[in-house]
Structures are given as structure tokens and as C-alpha cells.
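Asker:
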Ligand code: 5GP
Ligand code: MN
């Protein structure tokens with residue numbers, strides 16, 4: 005069921021917006037295309053509407069997204085802490101996009117915000133079980149936060165102010181969160197939304213070209229190496245995973261965003277419906293999970309990986325385990341679910 009915003013909600017949010025003096029928009033740590041698309045899409049809209057709006061990201065993002073219209077105006081909390089703090093502290097309206105709990109902004113930013121005097125908070129998100137905010141626009145059935153934002157703009161009658169730049173950012177978020185329209189896009193509304201965005205002259209070929217065809221040679225070689233040397237496939241339980249250690253990151257001159265999409269690779273193998281990626285980070289181990297059927301990776305990530313996400317895409321992290329320990333723990337957790345996974349693997353085989 006798609007979210008319906010009643011007239012009273014629309015009136016209250018519209019009034020609150022008009023009364024605001026300064027708006028800050030904040031997304032989750034390690035922002036992806038949907039987080040940046042949502043933040044920038046809203047930022048362009050509010051600027052066009054004449055508001056004093058700012059977009060703060062907790063930390064840096066992939067180079068493949070740095071070309072996005074408005075990206076140069078983004079305030080990076082990690083690098084421009086004082087400026088970001090001032091903007092956040094002086095904003096009377098805070099929009100949170102593409103996350104369901106303040107913890108997803110990262111510890112430092114979340115703690116800073118929680119100590120500030122209260123301001124009006126608005127959450128726009130598509131993850132399950134959102135925390136409490138003054139206004140919550142949350143729907144797990146939509147493809148992306150960008151699609152949900154477009155619905156919100158439509159309902160609020162703000163779409164008139166969405167220009168080509170804002171529409172391009174929203175389009176990018178929908179495109180990347182559906183893996184280039186390969187998953188989570190079974191609802192026709194996703195495509196009606198895209199059609200409406202294209203009427204605002206979004207250049208869809210340019211967006212896909214800039215996101216996908218500007219990779220570094222080393223990035224593609226790392227993918228090739230992972231596929232040929234590192235991918236573990238366990239057909240009887242329908243899962244596969246890839247582990248990337250620090251030495252390999254160095255060898256392939258790893259930069260943020262270089263392994264985007266790698267976690268999906270095992271899913272392309274026939275009979276595999278559960279995929280994982282483990283990578284050594286700076287002082288932590290990053291875990292990513294994907295599913296292509298009813299196997300719920302959000303539950304799996306919450307159970308033992310200090311994380312969460314959606315039923316089909318989730319993540320987590322460890323600060324108290326080595327990479328080897330994290331992978332060992334993963335294999336153990338999978339073993340604990342052996343019967344469930346075996347049933348699903350057999351079901352998939354039978355359907356084939
Ligand atoms: P990715 O694997 O691309 O890092 O993340 C996939 C999805 O999992 C994201 O859209 C996000 O919703 C969720 N996710 C990733 N890492 C974490 C985490 O540490 N905590 C929570 N709660 N969700 C995460
Ligand atoms: Mn998203």
C-alpha cells in the first residue's frame with residue numbers, strides 16, 4: 005500500500021515550511037546516489053522556492069557522483085565541521101532523507117544534533133521502522149527516497165518549482181537505487197515518476213553515462229579479480245560472497261565508491277539468492293548484504309552485524325573483529341540458518 009498524506013498533514017507541513025527561516029537537509033553516512041539525489045533534489049527545489057536551504061552530508065562520497073548538479077554546494081561535516089555545525093544549529097527546519105534513525109548520520113553528527121535545542125524535523129525515507137520525527141513521510145514500498153520525494157512534491161504542489169537540475173538529481177537516485185531499473189521497480193508509479201522527470205528535460209543517457217562509464221581502469225580490474233579469484237559460491241544454500249582485504253585495496257588503488265555494486269555479483273549466478281561483501285575499512289569491517297527473493301537481509305544484518313537496511317539490501321559493520329573473524333562469524337550465522345536457506349534454494353530449483 006502506498007503512503008497517503010491527508011489534507012491536514014499537507015496543510016501543517018506547508019505552513020511550517022512557509023514559516024521557516026533556514027532549512028538544513030541531512031542524509032546518511034557514506035551517501036549513495038539515492039541519498040545525494042534526495043538531498044540535492046530538495047535543495048534545488050527549496051532554493052528555487054526562495055528558501056535559505058543547505059545540504060549537509062556526514063562524510064565524503066564517490067567521485068562518480070561529484071558531477072551532480074549542486075554537488076559543489078554540499079557541506080561535508082567531516083571536512084567542514086565548523087560551517088556544518090553553524091548551519092545545522094541555525095536551521096529551524098531539519099529535513100532528514102534516506103535514513104530511518106539518527107544513528108545513520110554517524111555517531112559524531114548524530115550526537116551533535118541530539119544536543120541542540122529542538123527544531124522541527126521532517127523524515128523522508130523508505131527504510132522499515134523509522135524513529136519518531138515531527139513529520140514522517142516513510143514508505144518501504146517505493147523504489148527509492150527520490151521517488152517518494154517526487155510523490156511528496158506532487159502532493160504538496162511543489163513540483164512547479166522542480167527544475168532540470170533538481171529533476172536530474174531525483175532521476176539519478178531512482179536509477180541507482182533500482183540498480184539501473186533492474187530491481188525494486190515493479191510498480192508502474194516508478195516509471196510514471198521517471199516520465200514526469202524526463203518532461204523536465206533530464207538527460208537520461210547523460211546520467212547513465214556519467215554514473216557508469218567513468219570508471220578507473222583499476223576499479224574494473226578489481227572487479228575482474230574479485231570475480232575470478234575471490235567470489236565464493238555455495239550452491240546448496242543459495243549464497244555467495246566476496247572478501248576484500250586491505251592489501252588488495254592498496255594493490256588496486258582503492259578509492260571510496262570503487263566497489264559499488266560488487267555485492268550484487270553472486271546474485272547473477274544461477275541458484276544464488278543471497279550475496280554478501282566484506283571489506284576492511286579504516287578501523288572497521290564493512291558488511292553488505294543483498295537478496296533476490298524472500299530471504300530477509302535486513303533481519304540478518306540486524307541479528308548479528310550491527311546494521312540493518314531493507315529486506316533486499318542491507319549492511320552492517322564491526323569495530324571489534326578482524327576481517328577473518330567477521331567472515332568466520334558470517335559463515336557461522338549462515339549455518340545457523342541452514343534449514344531456512346536450504347528450503348529456499350530447493351524452492352528456487354523447483355521453480356526453474
Ligand atoms: P550498502 O550495502 O550499499 O552499504 O547498504 C545497503 C543498504 O543497507 C543501505 O541502503 C542502507 O539502508 C543499509 N545499511 C548499510 N549499512 C548500514 C548500517 O551500518 N546500518 C544500518 N542500519 N543500515 C545500513
Ligand atoms: Mn535509498
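Numbering (this note's numbering), first residue to last: 5 to 356.
Virtual Cβ for every residue (Gly too), placed ideally from N, Cα, C.
Quick caveat: nothing in here was measured; it's all calculated off a predicted structure.
Considering only residues of the same chain and omitting the five flanking positions on each side of residue 134, which have a CB-CB separation below 8 Å?
Answerer: What you label residue 134 is simply residue 130 of the chain shown in a count that begins at 1. 104, 105, 127, 140, 142, listed in sequence order.
Asker: CB of residue 187 to nearest heavy atom of the ligand MN: below 7 Å?
Answerer: One-based indexing of the chain shown puts residue 187 at position 183. No, the ligand MN has no heavy atom inside 7 Å of this Cβ.
Asker: Under a three-way DSSP split, which group does residue 334 fall into?
Answerer: Within the chain shown, the letter at position 330 stands for residue 334. It is helical.
Asker: Taking residue 15 as part of the alpha helix (DSSP H), name the residues at either end of that continuous run.
Answerer: As a first step, residue 15 is located in the chain shown; it is residue number 11 there, counting from the start. That run of the alpha helix (DSSP H) goes 11 to 23.
Asker: Whole angstroms is fine: what's the gap from residue 213's alpha carbon to residue 67's?
Answerer: Counting from one through the chain shown, the residue named residue 213 turns up at place 209. Counting from one through the chain shown, the residue named residue 67 turns up at place 63. If I take the Cα positions, the gap works out to 14 Å.
Asker: Can you name, in chain order, every residue of its own chain whose Cβ lies under 7 Å from the Cβ of residue 294, other than the five neighbours on each side?
Answerer: To locate residue 294, count along the chain shown from 1; it is residue 290. Correct list, in chain order: 267, 268, 271, 279, 301, 316, 317.
Asker: Could you check where the alpha helix (DSSP H) with residue 354 kicks off and where it finishes?
Answerer: Indexing the chain shown from 1 puts residue 354 at position 350. Here the alpha helix (DSSP H) through residue 354 covers 342 to 355.
Asker: Rounded to whole angstroms, how far is the Cβ of residue 42 from the Cβ of residue 149, which I believe are closer than 8 Å?
Answerer: Indexing the chain shown from 1 puts residue 42 at position 38. Indexing the chain shown from 1 puts residue 149 at position 145. About 4 Å separates the two Cβ atoms, so the contact holds.
Asker: Please name the residue or residues paired with residue 58 in a DSSP beta bridge.
Answerer: Position 54 of the chain shown, counted from the first residue, corresponds to residue 58. In the DSSP output, where bridge partners are listed per residue, residue 58 has 28.
Asker: Check the C-beta distance from residue 173 over to residue 45 and give it rounded, since I have them as a contact under 8 Å.
Answerer: The residue you call residue 173 lines up with position 169 of the chain shown. The residue you call residue 45 lines up with position 41 of the chain shown. Yes, residue 173 and residue 45 are in contact; Cβ-Cβ is about 4 Å, under 8 Å.
Asker: For residue 80, does the three-state DSSP call read helix, strand or coil?
Answerer: As a first step, residue 80 must be located in the chain shown, where it is residue number 76. The answer is strand: DSSP assigns residue 80 an E or B state.
Asker: Which residues share a DSSP beta bridge with residue 283?
Answerer: Here residue 283 refers to the residue found at position 279 when the chain shown is read from its first residue. Paired residues: 248, 290.
Asker: Per DSSP, what are the beta-bridge partners of residue 237 in this structure?
Answerer: Counting from 1 along the chain shown, the entry for residue 237 is found at position 233. Paired residue(s): 244.
Asker: Taking C-beta to C-beta, are residue 82 and residue 38 nearer than 8 Å?
Answerer: Stepping through the chain shown from its first residue, residue 82 is reached at position 78. Stepping through the chain shown from its first residue, residue 38 is reached at position 34. Result no, Cβ atoms of residue 82 and residue 38 do not sit closer than 8 Å.
Asker: Mapping DSSP to helix, strand and coil, what is residue 140?
Answerer: Locating residue 140 in the chain shown gives position 136, counting from the first residue. Strand.
Asker: Helix, strand or coil for residue 66? Go by DSSP, reduced to three states.
Answerer: Translated into positions along the chain shown, residue 66 becomes position 62. Coil at residue 66, not helix or strand.
Asker: Do residue 35 and residue 61 count as a contact pair if the criterion is CB distance below 8 Å?
Answerer: Taking the chain shown and counting its residues from 1, one reaches residue 61 at position 57. Taking the chain shown and counting its residues from 1, one reaches residue 35 at position 31. Yes. Within cutoff.
Asker: Which runs of the beta strand (DSSP E) spanning at least 3 residues fall entirely within the stretch 184 to 209, listed in chain order?
Answerer: With a minimum length of 3 residues, no continuous beta strand (DSSP E) run stays inside the stretch 184 to 209.
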